[in-house]
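K.L.:
Position one of the sequence shown corresponds to residue 84 (the numbering used here), numbered consecutively onward.
Heads up, the beta-carbon is just placed ideally off N, CA and C, and yes, glycines get one too.
All figures in this text were calculated on a predicted structure; none of them were measured in a lab.
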Amino acid sequence: MTLFRPCIDLHDGAVKQIVGGTLQGDTATTNFVSEKSAGYYAALYQQHQLTGGHIISLGAGNQQAAQQALAAWPGGMQYGGGVTFDNARDYLAMGAAQVIVTSWLFEDKQFSWARLDQLADQIGSQQLVLDLSCRRVAGGWQIASDRWQTITHTAITAETLRDLSSYCGEFLIHAADVEGLQQGIDSELVALLGHESPLPTTYAGGARSLADLEKVSALSNGRVDLTIGSALDIFGGSGVTLDECIEWNNAQ
Numbered sequence: 084m085t086l087f088r089p090c091i092d093l094h095d096g097a098v099k100q101i102v103g104g105t106l107q108g109d110t111a112t113t114n115f116v117s118e119k120s121a122g123y124y125a126a127l128y129q130q131h132q133l134t135g136g137h138i139i140s141l142g143a144g145n146q147q148a149a150q151q152a153l154a155a156w157p158g159g160m161q162y163g164g165g166v167t168f169d170n171a172r173d174y175l176a177m178g179a180a181q182v183i184v185t186s187w188l189f190e191d192k193q194f195s196w197a198r199l200d201q202l203a204d205q206i207g208s209q210q211l212v213l214d215l216s217c218r219r220v221a222g223g224w225q226i227a228s229d230r231w232q233t234i235t236h237t238a239i240t241a242e243t244l245r246d247l248s249s250y251c252g253e254f255l256i257h258a259a260d261v262e263g264l265q266q267g268i269d270s271e272l273v274a275l276l277g278h279e280s281p282l283p284t285t286y287a288g289g290a291r292s293l294a295d296l297e298k299v300s301a302l303s304n305g306r307v308d309l310t311i312g313s314a315l316d317i318f319g320g321s322g323v324t325l326d327e328c329i330e331w332n333n334a335q
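1) Around the C-beta of residue 218, are 16 or more other C-beta atoms found within 10 angstroms, so that it is buried, or is it exposed?
2) Just tell me which of 177, 174, 93 has its CA closest to the CA of residue 144.
3) Specify whether the segment 252 to 260 and the segment 208 to 224 touch according to this definition: at least 3 beta carbon pairs, one from each stretch, less than 8 Å apart.
4) For the beta strand (DSSP E) that contains residue 100, what are its first and last residues?
5) Measure the C-alpha to C-alpha separation of residue 175 and residue 252 and round it to an integer number of angstroms.
6) Let's test the definition: count the other Cβ atoms within 10 Å of the Cβ of residue 196 and tell me whether it reaches 16, buried, or not, exposed.
7) If distances are taken between C-alpha atoms only, which option among 169, 204, 157, 236 comes closest to residue 191?
8) Between the C-alpha atoms of residue 87 and residue 204, what's the straight-line distance to the nearest angstrom?
9) Provide the residue(s) that pair with residue 201 in DSSP beta bridges, ordered along the chain.
10) Where does residue 138 fall in DSSP's three states?
11) Which residue from 169, 136, 141 puts its Cα closest to that of residue 153?
12) When DSSP labels each residue in this structure, what does residue 214 get in the three-state scheme?
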């Protein structure tokens, strides 16, 4: 059954919604900047038991906000952004339910199986989420690292998903080309994930209304969850309310 999963995106120490493909260095096109703290959102999600959500740190200057959110709901949210072998345990100790990793697993655009094995062995596969966020290329999708700006040599395929699945507990996949645009999800990618992912998988990117939850559910046979960001009322959006998402989850 497809569920709504919440998010807290951090940029320059604030909770923001950005257009994913525009993130260059420390600048990005921004849809929304919240006056409320990261801890406020974590507590809100806890109040409604919206589990499986993620906190993503986009660049520097977010550590205080991230720690505040993790402390607000210990064990309630995943954390990603600059996670490596050296600090993964620290984020878990701060209260992350799982850590999310992408960029550290790549060296010169090549996936490092040695690093993945090292990290999974250190913290255990069930505490590791692999972020396979990607950009569309001719013939499919390639994983994008470094805040979605570096297109790696690793493709999103059934084989990739199968090979990675024994090292982690979940996959998180942002479709970076449509992230923040509120122009609709990448239907082909969602369908691929629904048919081929062996693990619980969350898709993010382009969602604009409650109908996208229905669409993701249909395309994936209920096997892929959906994160809605910029369209959500708590992030200044007008496409869907948090209450509607809560009602959707309760109905499932």
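P.N.:
With the given structure in hand:
1) buried
2) The option with the nearest alpha carbon to residue 144 is 93.
3) Contact holds between the segment 252 to 260 and the segment 208 to 224, because three or more Cβ pairs, one in each stretch, are under 8 Å apart.
4) 97 to 101
5) Near 15 Å, if we compare the C-alpha coordinates of residue 252 and residue 175.
6) exposed
7) Here the closest residue by C-alpha is 236.
8) C-alpha separation (whole angstroms): 30 Å.
9) Per DSSP, none; premise fails for residue 201.
10) strand
11) 136
12) strand
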